[in-house]
C-alpha cells in the first residue's frame, strides 16, 4: 500500500466500520525468525513485547522484554499468541 492510499483506506474503514481482512496468524508465525521483535501473549493472557530467541520445529521460544530469562516461554507457531510488534502489546 502506498502512502497515498493509506488515508483513503482509513476513511473507508471509518465510514464502513470495517477493519480490513482478518489477520493471518499462521502466515505471520511461519515467517518469524530468531531475533525478531514481536508481541506475544504470555501464560497469564497478557500481551507483552518479546523477542524470538529460539525456534525448533513447530514452537518458538520468546523472551519477554523486562523479564528474567527464567520467564521465557515456548509458544506454538500454529497458535494465536504471536503477532507483529506494536499490534497488541501496550507501548
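Numbering (the UniProt record's numbering), first residue to last: 1 to 91.
Cβ coordinates follow ideal geometry from the N, Cα and C atoms, glycine included.
Going by beta carbon distance, what residues of the same chain come within less than 8 angstroms of residue 90, once the five residues before and after it are set aside?
47
Are residue 55 and residue 34 closer than 7 angstroms when you measure CB to CB?
yes
Which whole-angstrom value describes the C-beta separation of residue 92 and residue 85, a residue pair presumed to lie in contact below a C-beta threshold of 8 angstroms?
A query on residue 92 cannot be resolved here, the shown segment of the chain reaching from 1 to 91 and no further.
Tell me residue 61's beta-bridge partners as DSSP assigns them.
54 and 74
Compare the Cα-Cα distances from residue 65 to each of 53, 32 and 29 and report the closest residue.
53
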